[in-house]
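Residue numbering for the sequence shown is 10 to 98, as defined by my numbering.
Quick reminder that beta carbons are idealized off the backbone N, C-alpha and C, glycines included.
Note that the structure is a prediction, hence the values are computed from the model and not measured.
Take a look at the structure set out below.
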Amino acid sequence: MGSDRGSWAAGQLGSWAAGQLGSMHAVLAHFSVQDYPAIVSLPTGYGKTSLMMALPLLLGPARVLIVERSSALRKQVHSHFSVLSTLMV
């Protein structure tokens, strides 16, 4: 994940990986026809944190639940979310 991400405000997707885009489209498609929750499971190194940060901005839900089993990963994800670090240019 480089610093050449592009600007969400400008409508650019930057350097999203194909798997990230596919996952994003799948989740958006799911919620275009369903109201029930979705579970997204992706392999290690797929850029899940960026996806977790982007989807609430795109879907506008009332709340989001992210489950991390390790304390270290919980802290890492929290720090990314607190400043939207993986979405910034």
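Item                                                                                                                                                    : Value
Answer yes or no: do Q29 and G56 have a C-beta to C-beta separation smaller than 8 Å?                                                                   : yes
So for P52, helix, strand or coil by DSSP?                                                                                                              : coil
Run the CB neighbour count on W25, radius 10 Å, all protein chains shown included, and call it buried at 16 or more, exposed below.                     : buried
Could you spell out where the alpha helix (DSSP H) holding G31 opens and where it closes?                                                               : 27 to 42
Less than 8 Å between the C-beta atoms of L93 and M62, yes or no?                                                                                       : yes
Grouping DSSP H, G and I as helix and E and B as strand, with all else coil, what is A19?                                                               : Unreliable placement is indicated for A19, whose pLDDT of 41 sits below 50; no coordinate value is reported for it.
Going along the chain, which residues of its own chain have a beta-carbon closer than 8 Å to the beta-carbon of A47, five neighbours each way excluded? : V36, H39, F40
Taking DSSP as the reference, what is the three-state secondary structure of S59?                                                                       : helix
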